[in-house]
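Numbering (the numbering used here), first residue to last: 1 to 122. All residues carry an ideal CB built from backbone N, CA and C; glycine is no exception. The structure under discussion appears below in the form of structure tokens.
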Ligand SMILES: [Zn+2]
């Protein structure tokens, strides 16, 4: 028997394929709300960072990196400096808080993608 397809002929379905059944569905069809996936999945992990560069996996570019640290004066530095100015210590002494580590925040950033990874406060 030759079962290969020959152009111009319609293959016949096996017996029973196009028979209609009279079984009604158990419950009416209710369309389910379509799940819309977010364009990207944001994974946030709280990584404890210290005052020095830390080796970790960047959550943004997923590479293993050693963080770049940037020292920025904290609010306490500005308040201390303002207090010095009010008391009368202009020029030199009012800048001392900006040189103290205790008044600085240390921000950790990824050297590859510049993503902010965390902050350390004294
Ligand atoms: Zn990165």
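Just how far apart, CA to CA, sit residue i and residue j?
| i | j | result |
| --- | --- | --- |
| residue 35 | residue 52 | 43 Å |
| residue 59 | residue 66 | 13 Å |
| residue 120 | residue 88 | 31 Å |
| residue 118 | residue 91 | 33 Å |
| residue 116 | residue 32 | 39 Å |
| residue 113 | residue 49 | 18 Å |
| residue 75 | residue 105 | 9 Å |
| residue 99 | residue 109 | 21 Å |
| residue 72 | residue 101 | 10 Å |
| residue 64 | residue 111 | 10 Å |
| residue 54 | residue 70 | 13 Å |
| residue 124 | residue 28 | This structure does not reach residue 124, given that the chain is present from 1 up to 122, and the question cannot be answered. |
| residue 93 | residue 62 | 44 Å |
For residue i, count neighbouring Cβ atoms within 10 angstroms of its own Cβ and tell me buried if that reaches 16, exposed if not.
| i | result |
| --- | --- |
| residue 103 | buried |
| residue 77 | buried |
| residue 81 | buried |
| residue 97 | buried |
First and last residue of the alpha helix (DSSP H) that includes residue i?
| i | result |
| --- | --- |
| residue 83 | 75-87 |
Could you pull the DSSP bridge partners for residue i from this structure?
| i | result |
| --- | --- |
| residue 119 | 107 |
| residue 112 | BP columns for residue 112 are empty, so no partner. |
| residue 70 | 107 |
List the endpoints of the continuous beta strand (DSSP E) containing residue i.
| i | result |
| --- | --- |
| residue 57 | 55-57 |
| residue 65 | 64-66 |
Give me every residue whose Cβ sits closer than 7 Å to any heavy atom of ligand 1, in chain order.
58, 60, 61, 63, 65, 110, 112, 113 and 115
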